[in-house]
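Colleague: Numbering (the UniProt record's numbering), first residue to last: 1 to 342. Glycine residues also receive a C-beta, built at the ideal position from the N, C-alpha and C atoms.
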Amino acid sequence: MIRFDALRVSFDDHVALQGLDLDIGEGEFFTLLGPSGCGKTTALRSLAGFVEPTSGTLHIDGRDVTRVPSERRGVGMVFQSYALFPSMSVRENIAFGLSVQRVPRDEQRRRVDEVAAQVGLRPQQLTRGVAELSGGQQQRVAIARALVLQPRILLLDEPLSNLDAKLRVQLRGELQRLQREVGITTVYVTHDQEEALALSDRIAVLSEGRLEQVGTPREIYEQPASAFVCDFIGEATHLSAEQRAALAGAGVDAGRDAWVRPEHVSVTAADDRDPAESGSGDLPAVVLSCAYRGSTTLVELEAAGARLLASVPSAEAARVEVGDRVRARVEVSAVHQYGAAA
Ligand SMILES: Nc1ncnc2c1ncn2[C@@H]1O[C@H](COP(=O)(O)OP(=O)(O)OP(=O)(O)O)[C@@H](O)[C@H]1O
Numbered sequence: 001m002i003r004f005d006a007l008r009v010s011f012d013d014h015v016a017l018q019g020l021d022l023d024i025g026e027g028e029f030f031t032l033l034g035p036s037g038c039g040k041t042t043a044l045r046s047l048a049g050f051v052e053p054t055s056g057t058l059h060i061d062g063r064d065v066t067r068v069p070s071e072r073r074g075v076g077m078v079f080q081s082y083a084l085f086p087s088m089s090v091r092e093n094i095a096f097g098l099s100v101q102r103v104p105r106d107e108q109r110r111r112v113d114e115v116a117a118q119v120g121l122r123p124q125q126l127t128r129g130v131a132e133l134s135g136g137q138q139q140r141v142a143i144a145r146a147l148v149l150q151p152r153i154l155l156l157d158e159p160l161s162n163l164d165a166k167l168r169v170q171l172r173g174e175l176q177r178l179q180r181e182v183g184i185t186t187v188y189v190t191h192d193q194e195e196a197l198a199l200s201d202r203i204a205v206l207s208e209g210r211l212e213q214v215g216t217p218r219e220i221y222e223q224p225a226s227a228f229v230c231d232f233i234g235e236a237t238h239l240s241a242e243q244r245a246a247l248a249g250a251g252v253d254a255g256r257d258a259w260v261r262p263e264h265v266s267v268t269a270a271d272d273r274d275p276a277e278s279g280s281g282d283l284p285a286v287v288l289s290c291a292y293r294g295s296t297t298l299v300e301l302e303a304a305g306a307r308l309l310a311s312v313p314s315a316e317a318a319r320v321e322v323g324d325r326v327r328a329r330v331e332v333s334a335v336h337q338y339g340a341a342a
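#1: When you compare each of Gly39, Ile220, Phe30 and Ser55 to Ser207 by their alpha carbons, which one comes out closest?
#2: Examine ligand 1 and report whether any of its heavy atoms sits within less than 6 Å of the Cβ of Thr186.
#3: Pull up the DSSP beta-bridge partners for Ser8, would you.
#4: Cα separation between Thr297 and Ala291?
#5: Can you have a look at Ser134 and say buried or exposed, based on whether 16 or more other CB atoms are within 10 angstroms of its CB?
#6: For the alpha helix (DSSP H) that contains Gly173, what are its first and last residues?
#7: Answer with buried or exposed for Thr127, where buried requires no fewer than 16 other C-beta atoms within 10 angstroms of its C-beta.
#8: How close, in whole Å, do the beta carbons of Cys9 and Thr42 come, if the pair is a contact with beta carbons under 8 Å?
#9: Please classify Ala144 as buried or exposed, where buried requires at least 16 neighbouring CB atoms within 10 angstroms.
#10: From what residue to what residue does the alpha helix (DSSP H) around Thr42 run?
#11: Terminal residues of the continuous alpha helix (DSSP H) containing Ser134?
#12: With Gly97 as the anchor, note down where its beta strand (DSSP E) starts and where it stops.
#13: Would you tell me roughly how many angstroms separate the C-alpha atoms of Ala245 and Thr216, rounded to the nearest one?
#14: I'd like to confirm something about Cys38: is its beta-carbon nearer than 6 Å to some heavy atom of ligand 1, or not?
#15: For Glu26 and Thr186, I'd like the C-alpha separation in whole angstroms.
#16: Could you check the C-alpha separation between Ser87 and Gly129 for me, to the nearest Å?
#17: With a threshold of 8 Å, are at least 3 pairs of Cβ atoms found where one atom belongs to the segment 89 to 102 and the other to the segment 167 to 174?
#18: Gln118: which of Leu288, Ile184, Arg319 and Asp13 sits nearest, CA to CA?
#19: Since Ser240 contacts Ala310 with CB under 8 Å, what's their CB separation in whole angstroms?
#20: Give me the Cα-Cα distance between residue 360 and Leu58, rounded to the nearest whole angstrom.
#21: In chain order, what residues of the same chain have a beta carbon less than 7 Å from the beta carbon of Arg172, not counting five sequence neighbours either side?
#22: Could you tell me if the beta carbon of His264 falls within a distance shorter than 6 Å of some heavy atom in ligand 1?
#23: Determine which residues share a DSSP beta bridge with Ser289 and list them.
#24: Between Leu247 and Val330, is the Cβ-Cβ spacing less than 7 Å?
#25: Tell me whether the segment 249 to 265 and the segment 66 to 73 touch, counting them as touching only if at least three CB pairs, one residue from each stretch, are closer than 8 Å.
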């Protein structure tokens with residue numbers, strides 16, 4: 001339903017998007033994810049019609065909208081700051097776009113009531129000033145203001161980034177439910193990988209204006225297509241040359257870059273066998289620190305001369321202490337390898 005075709009955006013001599021190809025399906029919750037400056041906001045703003053591409057095309061529902069003005073693209077946008085009018089009531093804020101379009105008063109009223117109920121705003125909240133509302137309620141108003149214009153696509157630019165951690169988690173659940181209920185195709189921008197994994201049907205990971213990978217949260221996490229994605233999504237240890245050499249007998253290619261996630265490293269008691277001979281992916285290790293995380297504990301090890309992270313059930317972690325000599329067992333089949341080692 002949305003197609004980016006070789007979309008390139010340059011600002012003076014800086015290339016923000018280097019030819020983006022992307023297809024987003026009807027009803028999808030699709031996230032553009034990447035570190036600051038990777039071009040995700042530029043991609044979103046191009047889709048909204050606020051940024052003019054240097055080359056390439058954009059299609060919505062099969063229609064070339066590359067040069068179509070923003071207001072005729074059928075997109076509704078929610079900004080990071082919400083951009084609500086502080087002197088107006090909730091109802092006036094939501095109705096703003098309808099007033100601009102000179103929609104009759106009684107129809108405005110009906111549509112605002114309908115969309116307010118959809119996003120979970122109570123009727124008595126509609127007469128309040130927006131300044132009196134909490135961050136989460138303001139977010140609902142901002143979404144209602146976009147939805148009331150009945151867009152085909154909802155664009156959200158880091159809408160949760162101004163909220164505290166607990167509210168962010170709560171609201172992302174609400175946002176997901178709301179999107180499912182309304183069924184509207186949604187494009188979401190964030191630099192927060194945890195948020196992207198929790199919310200999205202699919203994710204596009206961008207780096208320096210290029211697409212690194214597109215996939216479901218599970219695909220991106222479990223089969224990262226590049227070292228960049230593996231490092232950016234979740235936690236991973238970049239194995240040193242010495243660690244790779246020590247694991248070569250168990251099947252790691254010592255000549256290639258290698259990464260392993262903490263949940264694929266376990267900690268067992270040290271014994272006297274030479275780990276290199278066991279062929280099982282064991283490394284002699286010393287416990288450097290233990291960070292309790294509830295059901296699991298992140299154990300930082302020094303293994304074969306370099307750092308290695310292991311995520312172990314907290315019940316097991318209770319048996320190890322900082323300074324203990326242990327064995328780190330690396331699940332070699334879960335090691336991600338890319339290109340030649342630097
Ligand atoms: N209007 C502009 N003029 C000049 N350069 C711009 C403009 N907008 C963006 N850029 C540059 O383009 C690059 C990509 O910016 P963009 O805002 O798309 O990144 P981002 O991934 O969304 O980052 P952030 O999370 O920090 O917003 C950055 O290097 C940025 O400085």
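Modeller: With the structure as the only source:
#1: Taking the first residue of the sequence shown as position 1, residue 207 is located at position 207. Of Gly39, Ile220, Phe30 and Ser55, the residue nearest in Cα terms is Gly39.
#2: Translated into the one-based positions of the sequence shown, residue 186 becomes position 186. Because no heavy atom of ligand 1 lies under 6 Å away, the Cβ of Thr186 does not count as near it: no.
#3: In the sequence shown, residue 8 corresponds to position 8, counting from 1. Correcting the residue type first, residue 8 is Arg in the shown sequence and not Ser. Looking at the DSSP assignment, Arg8 forms a beta bridge with Gln18 and Ser55.
#4: Working through the sequence shown from its first residue, we reach residue 297 at position 297. Working through the sequence shown from its first residue, we reach residue 291 at position 291. About 5 Å.
#5: Walking along the sequence shown from the start, residue 134 turns up at place 134. With fewer than 16 other Cβ atoms within 10 Å, it is exposed.
#6: Taking the first residue of the sequence shown as 1, we reach residue 173 at position 173. Per DSSP, Gly173 belongs to the alpha helix (DSSP H) from Ala165 to Val182.
#7: Sequence index remark: in the sequence shown, residue 127 carries index 127 (1-based). By the neighbour-count rule (16 or more Cβ atoms within 10 Å), Thr127 is not buried but exposed.
#8: In the sequence shown, residue 9 corresponds to position 9, counting from 1. In the sequence shown, residue 42 corresponds to position 42, counting from 1. Contrary to the premise, residue 9 reads as Val rather than Cys in this sequence. Yes, Val9 and Thr42 are in contact; Cβ-Cβ is about 5 Å, under 8 Å.
#9: Walking along the sequence shown from the start, residue 144 turns up at place 144. It is buried - the Cβ of Ala144 has at least 16 other Cβ atoms within 10 Å.
#10: Residue mapping note: residue 42 aligns to position 42 of the sequence shown, counting from 1. Lys40 to Ala48 is the extent of the alpha helix (DSSP H) around Thr42.
#11: The count along the sequence shown starts at 1 and reaches residue 134 at position 134. Unbroken run through Ser134: none, as it is neither H nor E.
#12: On the sequence shown, residue 97 is found 97 positions in, with the first residue counted as 1. That residue, Gly97, is in no beta strand (DSSP E); its alpha helix (DSSP H) goes Val90 to Val100.
#13: One-based indexing of the sequence shown puts residue 245 at position 245. One-based indexing of the sequence shown puts residue 216 at position 216. Those two C-alpha atoms are separated by around 33 Å.
#14: Residue mapping note: residue 38 aligns to position 38 of the sequence shown, counting from 1. Yes; taking the cut-off as 6 Å, the Cβ of Cys38 has a heavy atom of ligand 1 nearer than that.
#15: In the sequence shown, residue 26 corresponds to position 26, counting from 1. In the sequence shown, residue 186 corresponds to position 186, counting from 1. Looking at the two C-alpha atoms, the distance is approximately 9 Å.
#16: For the purposes of this step, residue 87 is identified with residue 87 of the sequence shown, where counting begins at 1. For the purposes of this step, residue 129 is identified with residue 129 of the sequence shown, where counting begins at 1. If you take the alpha carbons of Ser87 and Gly129, they lie about 7 Å apart.
#17: no
#18: Residue 118 sits at position 118 when you count from the first residue of the sequence shown. Comparing Cα positions, the closest option is Ile184.
#19: To locate residue 240, count along the sequence shown from 1; it is residue 240. To locate residue 310, count along the sequence shown from 1; it is residue 310. Ser240 to Ala310, Cβ: 16 Å. No contact.
#20: In this structure the chain extends from 1 to 342, so residue 360 is not present and cannot be described.
#21: The residue you call residue 172 lines up with position 172 of the sequence shown. Only Leu160, Glu195, Ala198 and Leu199 meet the Cβ criterion.
#22: Here residue 264 refers to the residue found at position 264 when the sequence shown is read from its first residue. Every heavy atom of ligand 1 is 6 Å or more from the Cβ of His264, so no.
#23: Position 289 of the sequence shown, counted from the first residue, corresponds to residue 289. Paired residue(s): Glu300.
#24: The residue given as residue 247 occupies position 247 in the sequence shown. The residue given as residue 330 occupies position 330 in the sequence shown. Contact: yes.
#25: no
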